[in-house]
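In mature numbering (1 follows the signal peptide of the UniProt record, and there is no 0), the protein residues as written are -28 to -1, 1 to 246.
For glycine and all other residues, C-beta sits at the position ideal for the given N, C-alpha and C.
Since we're looking at a predicted model, the values are computed, not measured.
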């Protein structure tokens, strides 16, 4: 038990409160109960703020939609739509963004069922969870292929954090990276995770300078593929932080990995730690 951790301090506070009543000794069972109490208290601090269902809320669950914003492929529209209870993003080789060296089909931001905008601000801690289906046609590339971003709103602003499909040498990976300082949070093999539904959590404290942190978890069925955390990172540019999901990729790939593809998402949730 580490006294310096948040959980450790809570456990020892419970022990201290119990001592005058007879807890001069704590056996293994008591310790397990205290651990459970601490874990429950920590879990209770996560407050559900966003829980859209595609077949109920549609694209109104998002602040905005960037579906072929350059109108490059009207025959393929809509590229972003509800399929069953999933959000589906189609990308065709002919699609072009307003910058013609790249392609973008993304949704941005979060709205409640009543239409209220959900902001994420400096100093706050959030957890975004979702399930995703990455087909074998959506491949990792030598240039950027982002499937999720944290950004400051506004045209021309750089990403704060990206979840990307990137080739590490000849190996396709899915990775999370903090842009400031080029900090790799983690990377895992992509191929075993394609053509099936997987689950991911992105937990982050929005901090300026070195006061931010990121935890990234991926689960494949009942198996945790990665659970990694980076502290001392910069997750703030200004104004507010806004998430984006979809396919945003460069046409500069040199591995021959670009082709028509799609991405599907569901079980999208947003929690704030209060």
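Can you tell me the Cα-Cα spacing of residue 51 and residue 37, whole angstroms?
Position 79 of the chain shown, counted from the first residue, corresponds to residue 51. Position 65 of the chain shown, counted from the first residue, corresponds to residue 37. Whole-angstrom Cα-Cα distance: 10 Å.
- Item | Span separating the alpha-carbon of residue 83 from that of residue 32 | Position 111 of the chain shown, counted from the first residue, corresponds to residue 83. Position 60 of the chain shown, counted from the first residue, corresponds to residue 32. Straight-line Cα distance between these residues: approximately 7 Å.
request  = In angstroms with no decimal places, state the Cα-to-Cα distance between residue -8 and residue 103.
outcome  = For the purposes of this step, residue -8 is identified with residue 21 of the chain shown, where counting begins at 1. For the purposes of this step, residue 103 is identified with residue 131 of the chain shown, where counting begins at 1. Any reading at residue -8 is ruled out, since the residue's pLDDT is 35, under 50, leaving its predicted position unreliable.
Report task. Assign residue 118 to buried or exposed, taking buried as 16 or more other Cβ atoms, counted over all protein chains shown, within 10 Å of its Cβ. Result -> In the chain shown, the residue the question calls residue 118 occupies position 146. When all chains shown are included, residue 118 counts as buried.
Once you ignore the five residues that flank residue 254 on each side, which residues in its own chain have a CB closer than 7 Å to its CB? Since the first residue of the chain shown is -28 and the last is 246, residue 254 is not available in this structure.
message = Could you check whether residue 101 and residue 212 sit closer than 7 Å to each other, using their CB atoms as the reference points?
response = Numbered from 1 along the chain shown, position 240 holds the residue referred to as residue 212. Numbered from 1 along the chain shown, position 129 holds the residue referred to as residue 101. Contact flag unset, no.
| message | Between 58, 55, 81 and 48, which has its C-alpha nearest residue 66's C-alpha? | response | For the purposes of this step, residue 66 is taken as residue 94 along the chain shown, with counting starting at 1. Comparing Cα-Cα distances from residue 66 to each of 58, 55, 81 and 48, the minimum goes to 48.
- [ ] Just grab the DSSP bridge partners of residue 177 for me.
- [x] Position 205 of the chain shown, counted from the start, is the residue given in the question as residue 177. Beta-bridge pairing links residue 177 to 97 and 185.
Bridge partners of residue 36, per DSSP?
Your numbering for residue 36 matches position 64 in the chain shown. In the DSSP output, where bridge partners are listed per residue, residue 36 has 80.
Taking DSSP as the reference, what is the three-state secondary structure of residue 144?
Here the question's residue 144 lines up with position 172 in the chain shown. The answer is strand: DSSP assigns residue 144 an E or B state.
Extent of the continuous alpha helix (DSSP H) to which residue 26 belongs: As a working note, residue 26 is residue 54 in the chain shown. Start and end: 26 to 29.
*How is the beta strand (DSSP E) around residue 156 delimited, first residue to last?*
Along the chain shown, one-based indexing puts residue 156 at 184. Per DSSP, residue 156 belongs to the beta strand (DSSP E) from 155 to 161.
Quiz prompt | residue 79 vs residue 169 beta-carbon contact at 7 Å | solution = Reading the chain shown from its first residue, position 107 is the one you call residue 79. Reading the chain shown from its first residue, position 197 is the one you call residue 169. The answer is no: Cβ separation not under 7 Å.
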